[in-house]
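Student: Just passing along the structure, written as structure tokens.
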Ligand SMILES: Cc1cc2nc3c(=O)[nH]c(=O)nc-3n(C[C@H](O)[C@H](O)[C@H](O)COP(=O)(O)OP(=O)(O)OC[C@H]3O[C@@H](n4cnc5c(N)ncnc54)[C@H](O)[C@@H]3O)c2cc1C
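Residue numbers (our numbering): -2 to 243.
Okay, structure coming up:
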């Protein structure tokens, strides 16, 4: 890549920019030759700037998360690898059960809807996600036993698993693409939320898990995903509900 192009990319990206970087340093397999350029955008606005710059330069772009499902060739990759590890916004909305709006400064890809645990007074037909004492999600991250929580009010609209339990609000978790799945699982443990247990042990990021529809034990990410926020190659933020994803 010529020097002027390098300078433009360095000016566009607030995060790290590496040239001719061996991909073997960034994949679980430890294989892969050099990428022409690797960009590590610092946040969503930075990512939008990087994408616009790459688009204007006519450079091909490959998004990468934690590199746990990649086998790269020894000859390397032409164009740009955009690593999303630093998009680590992670938050819960309990008050309304609605996902907060996605804006340029508050990234929200994607929304995951996770339910509080079922209790004995729950209505007929409500899904059972386990009880205190069952399985991994009954302990907080600090190891202390947790009681299940019940939240009252209107159910949230949405496609998340069990989102229509009468008398119970759904809890929305919004995670940036770079959030490690283990951080998401740890949050669910800490907050006594059931539904994401199957992700425990999968070493990827949220973005990579959405792309791959990661799963285990008969469950997959699409079971708890409600929407994906994404950027076009010209840096425009868009949102797609789970139903519209193929
Ligand atoms: C030890 C081990 C155990 C594993 N166990 C499981 C398992 O039980 N179940 C399972 O499903 N998988 C498993 N995997 C595979 C892997 O962890 C998953 O596929 C995971 O979802 C990949 O996430 P990642 O962030 O590492 O993605 P990467 O490897 O970085 O990328 C994978 C693909 O997703 C694309 N991508 C990544 N991030 C984005 C983004 N933000 N936007 C658009 N595209 C993106 C990349 O271009 C690439 O095509 C395992 C892997 C290892 C090494």
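We put the beta carbon where it would ideally sit given N, CA and C, even for glycine.
Using 7 Å as the cut-off, classify the Cβ of residue 237 as near or not near the heavy atoms of ligand 1, replying yes or no.
Tutor: It does not: the Cβ of residue 237 is nowhere closer than 7 Å to a heavy atom of ligand 1.
Student: Where does residue 207 fall in DSSP's three states?
Tutor: DSSP places residue 207 in helix when its eight states are reduced to three.
Student: Do residue 203 and residue 176 count as a contact pair if the criterion is CB distance below 8 Å?
Tutor: Yes, Cβ-Cβ distance for residue 176 and residue 203 is below 8 Å.
Student: Going by the CB atoms, is the gap between residue 29 and residue 76 shorter than 8 Å?
Tutor: Contact flag unset, no.
Student: Which value, in whole angstroms, describes the spacing of the CA atoms of residue 189 and residue 84?
Tutor: Straight-line Cα distance between these residues: approximately 24 Å.
Student: When you compare only the Cα positions, how much space is there between residue 50 and residue 5?
Tutor: Answer to the nearest angstrom: the Cα atoms are 8 Å apart.
Student: Beta carbon of residue 199: closer than 7 Å to some heavy atom of ligand 1?
Tutor: Yes - ligand 1 has a heavy atom lying nearer than 7 Å to the Cβ of residue 199.
Student: What distance in whole Å lies between the Cβ atoms of residue 1 and residue 87, which are believed to be in contact at a cut-off of 8 Å?
Tutor: About 38 Å; that fails the 8 Å criterion.
Student: Would you give the residue range spanned by the beta strand (DSSP E) that residue 18 belongs to?
Tutor: 13 to 19 is the extent of the beta strand (DSSP E) around residue 18.
Student: Quick one, which of 58, 69, 20 and 12 has its alpha-carbon nearest residue 42's?
Tutor: Per the Cα distances, 12.
Student: Short check: CB of residue 224 to CB of residue 243, under 8 Å?
Tutor: Cβ atoms of residue 224 and residue 243: not closer than 8 Å.
Student: Figure out for me which residue from 57, 169 and 47 has the closest Cα to the Cα of residue 233.
Tutor: Residue 47 is the option with its Cα nearest to residue 233.
Student: If you draw a straight line from the C-alpha of residue 215 to the C-alpha of residue 185, how long is it?
Tutor: So the two alpha carbons sit approximately 19 Å from each other.
Student: In this structure, what does DSSP give as the bridge partners for residue 60?
Tutor: In the DSSP output, where bridge partners are listed per residue, residue 60 has 79.
Student: Output the boundary residues of the alpha helix (DSSP H) element that contains residue 44.
Tutor: First-last of the alpha helix (DSSP H) with residue 44: 41 to 54.
Student: Skipping 5 residues on each side, what residues in its chain have a beta carbon closer than 6 Å to that of residue 268?
Tutor: Missing from the structure shown is residue 268; the chain here goes from -2 to 243 and no further.
Student: If you compare alpha carbons, which of 194, 90 and 32 is closest to residue 218?
Tutor: Of the candidates 194, 90 and 32, the one whose C-alpha sits nearest the C-alpha of residue 218 is 194.
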